[in-house]
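Trainee:
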Amino acid sequence: MISNQVLQNTIEGLKSISRIDFCVLDTEGKALASTFEDSRKYESAVVLFVESPADSQVIQGCQFFKIFDEQQLEYVLLATGNSEEIYMVGKMAAFQIQSLLVAYKERFDKDNFIKNLLLDNLLLVDIYNRAQKLHIDTEAKRVIFIIETLCEKDSVALDRVRNLLGGKSKDFVTAVDEKNIIVLKELSQKDGNRELEKMAAEMLDLIKAEHPEESIHIAYGTVVNDIKEVSRSYKEAKLALDVGKIFFKEKDVVAYSTLGIGRLIYQLPIPLCKMFIKEIFEGKSPDDFDEETLTTINKFFENSLNVSETSRQLYIHRNTLVYRLDKLQKSTGLDLRVFEDAITFKIALMVVEYMKYMETTDY
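Read in order, the letters of the sequence shown are residues 7 to 369 in this note's numbering.
1. State the DSSP-derived secondary structure class of lysine 196, mapped to helix, strand or coil.
2. Skipping 5 residues on each side, what residues in its chain have a beta carbon closer than 7 Å to that of tyrosine 93?
3. At what residues does the alpha helix (DSSP H) containing arginine 330 begin and finish?
4. With three or more C-beta pairs closer than 8 Å as the rule, is the stretch 259-276 touching the stretch 357-365?
5. Taking a contact to mean a Cβ-Cβ separation below 7 Å, would you say leucine 327 touches serine 337 in this structure?
6. To the nearest whole angstrom, what separates the beta carbons of valine 182 and valine 189, a pair I think is in contact under 8 Å?
7. In this structure, how does DSSP classify tyrosine 369 when only helix, strand and coil are distinguished?
8. According to DSSP, is leucine 190 helix, strand or coil?
9. Measuring only the C-alpha atoms, how far is histidine 378 from lysine 97?
10. Going by DSSP, what residues sit across from aspartate 28 in a beta bridge?
11. Could you tell me the boundaries of the alpha helix (DSSP H) in which phenylalanine 42 lies?
12. Let's see if you can read the secondary structure: which residues bound the beta strand (DSSP E) around glutamine 104?
13. Alpha carbon to alpha carbon, how far is phenylalanine 74 from threonine 144?
14. Roughly how many angstroms lie between the CA atoms of aspartate 347 and lysine 234, to the nearest whole one?
15. Could you spell out where the alpha helix (DSSP H) holding glutamine 319 opens and where it closes?
16. Of all the options Ile23, Ser24, Arg46, which has the alpha carbon lying nearest to the alpha carbon of valine 30?
17. Suppose you measure from the CA of threonine 16 to the CA of tyrosine 81; what does that come to, to the nearest Å?
18. Give the C-beta separation of tyrosine 272 and aspartate 248 to the nearest angstrom, bearing in mind that I take them to be a contact with Cβ-Cβ under 8 Å.
19. Looking at the unbroken beta strand (DSSP E) that takes in arginine 269, where does it start and where does it end?
20. So glutamate 242 is in the beta strand (DSSP E); what residue range does that whole segment cover?
21. Can you check DSSP and say which residues form a bridge with tyrosine 226?
22. Near asparagine 309, which residues of its chain fall below 6 Å by C-beta distance, leaving aside the five closest residues on each side in sequence?
23. Run the CB neighbour count on lysine 370, radius 10 Å, all protein chains shown included, and call it buried at 16 or more, exposed below.
24. Does DSSP classify threonine 180 as helix, strand or coil?
25. When you compare each of Ser9, Val167, Ala37, Lys244 to leucine 212 by their alpha carbons, which one comes out closest?
26. Taking lysine 191 as the reference, give the member of Glu298, Thr155, Phe151, Val53 with the closest Cα.
27. Give every residue of the same chain whose Cβ lies closer than 6 Å to the Cβ of valine 95, excluding the five residues on either side of it in the sequence, and list them in chain order.
28. Use the C-beta contact count for valine 392: other C-beta atoms within 10 angstroms, 16 or more gives buried, fewer gives exposed.
29. Which partner residues of valine 64 appear in the DSSP bridge assignment?
30. Just to confirm the assignment, what range does the alpha helix (DSSP H) spanning aspartate 132 have?
31. Considering only C-alpha positions, which residue in the set Ile153, Thr86, Thr228, Val358 is nearest to lysine 21?
32. Taking the CB atoms as reference points, tell me whether glutamate 154 and lysine 121 lie closer together than 7 Å.
33. Is the stretch 257-272 touching the stretch 196-216, taking contact as three or more C-beta pairs under 8 Å?
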């Protein structure tokens, strides 16, 4: 269905060219868009015209036209003015709105297909049959981007993002819930990880320029080469969005391929996580350490267990750092200078972060 705003813009444009007033009404005589006031006085005339077999008719000094959507009467167009060519201009206007109906219906069909494709609601044979009917390439290289904002989405907001991001006619912008906008982007054969990062950054900049007050996060899945695999890229992007909130809070853009061990931890059941922390630290949580110790641990990990570089960045003597690591070893039994112990401690920190996040959500 065409929005009333689009209908209004269309007939205003037609009026500016032809100097003829137009009104688009539904089959009950209610005005949806009009370039003049007092369109309500034609309501009864429209109802009579709808019931008549004529496709066009002059009533009350105005030219009426019927606009169909596959044999189903959708709109009545009213044209009024002093022009002698009012019938021809009105006919052209009706054709323009008819063309809009076809275009919007095709977009609706494609949007509906993409949503069902993302949600795995289609049989394999249906995917290829419907893609062929909608002229969608089944073997194109594609990837899913999910854009999360705090504002709820409506059709107008979605259209704005569609206009911002829909630079290519073969890209699709849709939504399956109130918070997330999904971009199914077609890629060229040369596009790789660097190009995907650039695309995500450009999307972020475009939306932030339009809505600077909004908090925007973007996640994307891996590249797929067949339309039946699009749902996999969507699930990966969703996972990246969730995992990113836990382990990559400082990032506005997260790729599924960069999640690392966080992807595995996110799929662990909470009871198993609690058991792991209890066995490793005997009931004491790693985040119970004081701020100085936690800063030392994190900086040590950032510098790949390099004692000299860590002490330099913390502005402390090397021996002071060694003392802190020895003290940590006595309290936990783990020596962060030993690779295996360092891995265990790092995983424990991530598990605790994951458990904290899950406690604050409605899981």
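We put the CB at the ideal spot given by N, CA and C, even for glycine.
Mentor: Working from what's here:
1. coil
2. Gln69
3. 324-338
4. yes
5. no
6. Contact flag wrong, Cβ pair sits at about 12 Å.
7. Bear in mind that the predicted position of tyrosine 369 carries a pLDDT of just 47, short of 50, making it unreliable; the figure below should be weighed with that in mind. The answer is coil: DSSP assigns tyrosine 369 none of H, G, I, E or B.
8. strand
9. Coverage of the chain is limited to positions 7 through 369, which leaves residue 378 absent and any answer about it impossible.
10. Note that residue 28 is phenylalanine in the sequence shown here, rather than aspartate. Ala85, per the DSSP bridge assignment.
11. No alpha helix (DSSP H) contains phenylalanine 42, which DSSP labels as neither H nor E.
12. From DSSP, glutamine 104 is part of no beta strand (DSSP E) but of the alpha helix (DSSP H) over 92-124.
13. 32 Å
14. 43 Å
15. 313-319
16. Arg46
17. 14 Å
18. 7 Å
19. Run containing arginine 269: none in the beta strand (DSSP E); it sits in the alpha helix (DSSP H), 268-271.
20. It is not in any beta strand (DSSP E) - glutamate 242 instead sits in the alpha helix (DSSP H) that spans 236-253.
21. Phe151, Ala261
22. Glu315, Thr316
23. Absent from the model: residue 370. The displayed extent of the chain is 7 to 369, so no value can be given.
24. strand
25. Val167
26. Phe151
27. Ser24, Ile26
28. With the chain covering 7 to 369 only, the question about residue 392 has no answer from this structure.
29. Gln69
30. 130-139
31. Thr86
32. no
33. yes
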